[in-house]
Amino acid sequence: MICAIFAKIFKGMIQRIQTVYLLLAIAALVTLTLGVDVYSYELSKAESANFELHVNSYGIQIDGELSENINEVDEKKIASLLKIKENSSVIKGLSYTAFPFYSITLFLTMITIATLVTFKKLPTQLRLGRMAFILNLIILVFTVVFYYTLKSQFNEMLENAELSSYLGVGFFCIIISTAFLFLANIGIKRDLDLIKSIDRIR
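Numbering follows numbering that gives the first Met the number 0, with no gaps: position 147 of the sequence shown is 146.
Written as C-alpha coordinates, this is what we have:
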(Lines of atoms letter the chains of each structure in order from A and count residues from 1; the text may use other names and numbers.)
(Lines give C-alpha, C1' and ligand atoms only; values in the text may rest on other atoms or scores of the structure.)
Protein backbone atom coordinates (compact mmCIF):
# COMPACT_ATOMS: atom_id res chain seq x y z
CA MET A 1 0.00 0.00 0.00
CA ILE A 2 2.75 2.43 1.03
CA CYS A 3 4.82 1.43 -1.99
CA ALA A 4 1.81 2.08 -4.27
CA ILE A 5 1.40 5.57 -2.82
CA PHE A 6 5.09 6.32 -3.30
CA ALA A 7 4.88 5.00 -6.85
CA LYS A 8 2.04 7.42 -7.64
CA ILE A 9 3.98 10.31 -6.14
CA PHE A 10 7.06 9.45 -8.17
CA LYS A 11 5.00 9.05 -11.33
CA GLY A 12 3.65 12.54 -10.76
CA MET A 13 7.17 13.88 -10.40
CA ILE A 14 8.79 12.10 -13.32
CA GLN A 15 9.23 13.72 -16.72
CA ARG A 16 9.34 17.24 -15.32
CA ILE A 17 12.98 18.06 -15.91
CA GLN A 18 13.32 15.94 -19.04
CA THR A 19 10.13 17.48 -20.41
CA VAL A 20 11.82 20.87 -20.18
CA TYR A 21 14.95 19.48 -21.88
CA LEU A 22 12.89 17.91 -24.67
CA LEU A 23 10.88 21.10 -25.21
CA LEU A 24 14.11 23.10 -25.52
CA ALA A 25 15.50 20.53 -27.98
CA ILE A 26 12.28 20.72 -30.03
CA ALA A 27 12.43 24.54 -30.04
CA ALA A 28 16.03 24.43 -31.31
CA LEU A 29 15.15 21.91 -34.04
CA VAL A 30 12.08 23.87 -35.16
CA THR A 31 14.22 27.02 -35.40
CA LEU A 32 16.74 25.08 -37.48
CA THR A 33 14.00 23.72 -39.76
CA LEU A 34 12.64 27.23 -40.40
CA GLY A 35 15.78 28.03 -42.38
CA VAL A 36 18.17 30.03 -40.19
CA ASP A 37 21.75 29.89 -41.43
CA VAL A 38 23.90 27.09 -40.04
CA TYR A 39 26.94 28.87 -41.41
CA SER A 40 27.84 31.20 -44.24
CA TYR A 41 30.85 32.25 -46.29
CA GLU A 42 31.92 35.44 -48.01
CA LEU A 43 34.39 35.31 -50.86
CA SER A 44 35.72 38.54 -52.31
CA LYS A 45 38.40 39.59 -54.74
CA ALA A 46 39.16 43.27 -55.12
CA GLU A 47 37.59 44.82 -58.24
CA SER A 48 36.74 41.35 -59.52
CA ALA A 49 33.94 39.50 -57.73
CA ASN A 50 32.09 39.14 -54.46
CA PHE A 51 30.10 36.10 -53.34
CA GLU A 52 28.02 35.09 -50.33
CA LEU A 53 27.11 31.48 -49.65
CA HIS A 54 24.42 30.53 -47.12
CA VAL A 55 23.93 27.01 -45.73
CA ASN A 56 20.58 26.28 -44.06
CA SER A 57 17.85 23.65 -43.94
CA TYR A 58 16.67 24.65 -47.43
CA GLY A 59 20.06 23.83 -48.95
CA ILE A 60 22.89 26.07 -50.13
CA GLN A 61 22.18 29.42 -51.75
CA ILE A 62 24.66 31.73 -53.42
CA ASP A 63 24.44 35.48 -54.05
CA GLY A 64 27.14 37.26 -55.95
CA GLU A 65 28.31 40.00 -58.26
CA LEU A 66 30.91 39.83 -61.01
CA SER A 67 32.81 42.93 -62.01
CA GLU A 68 33.67 43.86 -65.57
CA ASN A 69 37.31 43.63 -64.53
CA ILE A 70 37.15 39.90 -63.74
CA ASN A 71 39.72 37.87 -65.63
CA GLU A 72 38.73 35.15 -68.05
CA VAL A 73 40.16 32.31 -65.96
CA ASP A 74 38.09 33.24 -62.88
CA GLU A 75 34.99 33.81 -64.98
CA LYS A 76 35.22 30.36 -66.59
CA LYS A 77 35.92 28.70 -63.24
CA ILE A 78 32.88 30.37 -61.67
CA ALA A 79 30.67 29.51 -64.65
CA SER A 80 31.79 25.88 -64.51
CA LEU A 81 31.41 25.49 -60.74
CA LEU A 82 28.07 27.28 -60.44
CA LYS A 83 26.78 26.14 -63.85
CA ILE A 84 25.85 29.62 -65.01
CA LYS A 85 26.39 31.63 -68.17
CA GLU A 86 29.75 33.36 -68.32
CA ASN A 87 28.16 36.73 -69.04
CA SER A 88 26.05 36.68 -65.86
CA SER A 89 27.08 39.64 -63.71
CA VAL A 90 24.55 39.33 -60.85
CA ILE A 91 23.62 36.10 -59.08
CA LYS A 92 20.68 36.03 -56.66
CA GLY A 93 19.57 33.02 -54.63
CA LEU A 94 21.32 30.50 -56.86
CA SER A 95 20.74 26.99 -55.53
CA TYR A 96 24.13 25.33 -55.20
CA THR A 97 22.54 22.10 -54.03
CA ALA A 98 18.89 21.08 -53.99
CA PHE A 99 19.30 18.47 -51.25
CA PRO A 100 16.36 18.94 -48.84
CA PHE A 101 18.17 19.28 -45.50
CA TYR A 102 14.88 20.36 -43.93
CA SER A 103 13.50 16.82 -44.38
CA ILE A 104 16.22 15.54 -42.03
CA THR A 105 15.63 18.22 -39.40
CA LEU A 106 11.87 17.75 -39.70
CA PHE A 107 12.25 14.00 -39.19
CA LEU A 108 14.46 14.57 -36.16
CA THR A 109 11.93 17.05 -34.76
CA MET A 110 9.15 14.48 -35.12
CA ILE A 111 11.20 11.82 -33.30
CA THR A 112 11.88 14.28 -30.47
CA ILE A 113 8.17 15.14 -30.23
CA ALA A 114 7.38 11.40 -30.17
CA THR A 115 9.89 11.06 -27.31
CA LEU A 116 8.08 13.80 -25.42
CA VAL A 117 4.57 12.37 -25.79
CA THR A 118 5.49 8.79 -24.82
CA PHE A 119 6.17 9.76 -21.20
CA LYS A 120 3.75 7.09 -19.95
CA LYS A 121 5.92 4.35 -21.51
CA LEU A 122 9.41 4.99 -20.21
CA PRO A 123 11.18 2.11 -22.04
CA THR A 124 9.74 3.34 -25.35
CA GLN A 125 10.58 6.93 -24.48
CA LEU A 126 14.16 5.97 -23.68
CA ARG A 127 14.56 4.12 -26.98
CA LEU A 128 13.18 7.08 -28.94
CA GLY A 129 15.29 9.51 -26.93
CA ARG A 130 18.46 7.55 -27.64
CA MET A 131 17.59 7.34 -31.32
CA ALA A 132 17.00 11.09 -31.47
CA PHE A 133 20.29 11.77 -29.66
CA ILE A 134 22.34 9.49 -31.93
CA LEU A 135 20.80 10.99 -35.10
CA ASN A 136 21.38 14.50 -33.76
CA LEU A 137 25.00 13.64 -32.96
CA ILE A 138 25.51 12.26 -36.48
CA ILE A 139 24.09 15.48 -37.92
CA LEU A 140 26.41 17.55 -35.72
CA VAL A 141 29.49 15.60 -36.88
CA PHE A 142 28.35 15.80 -40.51
CA THR A 143 27.79 19.56 -40.14
CA VAL A 144 31.32 20.14 -38.85
CA VAL A 145 32.89 17.99 -41.60
CA PHE A 146 30.75 19.66 -44.26
CA TYR A 147 31.75 23.08 -42.94
CA TYR A 148 35.44 22.49 -43.71
CA THR A 149 34.78 20.60 -46.96
CA LEU A 150 32.57 23.34 -48.36
CA LYS A 151 34.98 26.02 -47.17
CA SER A 152 37.83 24.39 -49.08
CA GLN A 153 35.71 23.92 -52.20
CA PHE A 154 34.36 27.46 -52.14
CA ASN A 155 37.85 28.89 -51.62
CA GLU A 156 39.00 27.41 -54.94
CA MET A 157 36.39 29.34 -56.91
CA LEU A 158 38.57 32.46 -57.16
CA GLU A 159 42.35 32.65 -57.14
CA ASN A 160 43.96 34.87 -54.49
CA ALA A 161 40.60 35.78 -53.02
CA GLU A 162 39.77 36.55 -49.40
CA LEU A 163 37.45 34.04 -47.72
CA SER A 164 35.55 34.71 -44.50
CA SER A 165 33.34 32.16 -42.73
CA TYR A 166 30.68 32.69 -40.08
CA LEU A 167 28.80 30.33 -37.79
CA GLY A 168 25.07 31.00 -37.78
CA VAL A 169 22.25 30.49 -35.30
CA GLY A 170 21.46 27.13 -36.88
CA PHE A 171 24.84 25.70 -35.89
CA PHE A 172 24.22 26.52 -32.24
CA CYS A 173 20.69 25.09 -32.55
CA ILE A 174 22.24 21.73 -33.46
CA ILE A 175 24.58 21.89 -30.46
CA ILE A 176 21.74 22.91 -28.13
CA SER A 177 19.42 20.13 -29.31
CA THR A 178 22.19 17.53 -28.97
CA ALA A 179 23.03 18.66 -25.43
CA PHE A 180 19.41 18.76 -24.24
CA LEU A 181 18.60 15.38 -25.78
CA PHE A 182 21.56 13.94 -23.87
CA LEU A 183 20.32 15.47 -20.62
CA ALA A 184 16.76 14.29 -21.29
CA ASN A 185 17.96 10.72 -21.77
CA ILE A 186 19.79 10.85 -18.45
CA GLY A 187 16.57 11.99 -16.75
CA ILE A 188 14.46 9.32 -18.45
CA LYS A 189 16.96 6.59 -17.52
CA ARG A 190 17.04 7.79 -13.90
CA ASP A 191 13.24 7.68 -13.63
CA LEU A 192 13.11 4.26 -15.28
CA ASP A 193 15.66 2.89 -12.79
CA LEU A 194 13.70 4.49 -9.94
CA ILE A 195 10.43 2.85 -10.95
CA LYS A 196 12.18 -0.51 -11.41
CA SER A 197 13.63 -0.26 -7.90
CA ILE A 198 10.17 0.56 -6.48
CA ASP A 199 8.67 -2.43 -8.32
CA ARG A 200 11.35 -4.68 -6.82
CA ILE A 201 10.52 -3.43 -3.32
CA ARG A 202 6.84 -4.16 -3.94
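Note that beta-carbon positions come from the ideal geometry of N, C-alpha and C, so glycine has one too.
Between the region 47–66 and the region 128–139 there are fewer than three C-beta pairs closer than 8 Å, too few to call the two in contact.
L31 is the residue among L31, N184, A26 whose C-alpha sits nearest the C-alpha of G169.
In the DSSP assignment, K44 falls within the beta strand (DSSP E) that extends over 38–44. Taken in chain order, the unbroken stretches of beta strand (DSSP E) that lie wholly in the region 158–183 and span 3 residues or more are 161–166. DSSP, read as helix, strand or coil, puts G128 in helix. Where F106 is concerned, the enclosing alpha helix (DSSP H) starts and stops at 100–116. In the DSSP annotation of this structure, the continuous segment of the beta strand (DSSP E) that includes I59 starts and ends at 58–65. For L31, the uninterrupted alpha helix (DSSP H) segment begins and ends at 15–32.
The region 172–192 and the region 48–58 do not touch, with fewer than three beta-carbon pairs separated by less than 8 Å. Nearest to L180 by C-alpha distance, out of I16, R15, Y20, is Y20.
When DSSP states are grouped into helix, strand and coil, I194 belongs to the helix group. Cα atoms of F118 and L22: separation of roughly 13 Å, rounded to the nearest angstrom. The three-state reading of DSSP puts S151 in helix, counting H, G and I together.
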